[in-house]
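Notes follow once the structure below has been shown.
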Amino acid sequence: MLEEIEPHPKFKHAMLFIVCLITFLPASAAANGGYNVHVTDNYVKATAKCSCGQSGYYYHTASFENYCPQCHSHGSLKFNPKGTAEGEWTCTHCDADYCAAEGKEKISGSNYYLKHYTAPKIVHAKTVETKVQTPEPEDPKVKIIQTLSLYKDRSFLG
C-alpha cells in the first residue's frame, strides 16, 4: 500500500521564501529610480524624482557638472548604484549622495550642492566676404623692360 509522506514543515517555509524571491526580486532590481541617464567626463544628466524635499515628488530632468563638491573629485559621479526609488547621484570616491533632481547632498544640514551644468551654445559665424586682389598677368615684354631698367650700364642695348 502507498503510504503518504508528509513534507517537513521547514520545507514549506523554504518553498514560500523561494516563490517570494522569484516574484519580488526582479521588480526591485529593475527599479533604477530614473531614466534618460547620461554620464560624460564633463557632466551628468538624468530624469528622476526629487529625494531631498526641495521640490515636488515628480520627475525632473537636471544636468550637473561631473564633480563632487564634498571631496573635489572630477568624473566621479555614478547614477543610483544603491538602487533608491527616486534615483540619486553618488560619488564613487567619498560615497556622498546627491538628489538627482536638485543636486543637494542628502544629509540633513549639509550645504553641498552639485553645480548645474549648461551645455555650451553653438554660435554660427556670419559669412564674411573677402576680396583678394590678384595681380593681373603681366605682359612678358613689360617684365623684360622693367628688369633691364634696373641696370645702370645700358650700353648692351645698342
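Quick note: to get my numbering, add 1267 to the position in the sequence shown (first position is 1).
All residues carry an ideal CB built from backbone N, CA and C; glycine is no exception.
These figures come from a predicted structure and were not determined experimentally.
Sequence-distant partners of Ser1377 (beyond 5 residues in either direction) whose C-beta falls short of 8 angstroms from its own C-beta, in its chain, are Lys1371.
In this structure, the straight-line span from the alpha carbon of His1275 to that of Ala1281 is close to 10 angstroms. In the displayed model, Ala1315 falls within a strand according to three-state DSSP. If you check the CB distance, Tyr1380 and Pro1336 come in under 8 angstroms. Collapsing the DSSP output to three states places His1360 in coil. Taking the C-beta atoms as reference points, Thr1307 is found no nearer than 8 angstroms to Thr1328.
One alpha carbon belongs to Lys1410, the other to Lys1393, and they sit about 41 angstroms apart. Ranking Ile1412, Asn1309, Glu1369 by CA distance to the CA of Pro1387 puts Asn1309 first. The continuous beta strand (DSSP E) containing Leu1344 extends over residues 1344–1346.
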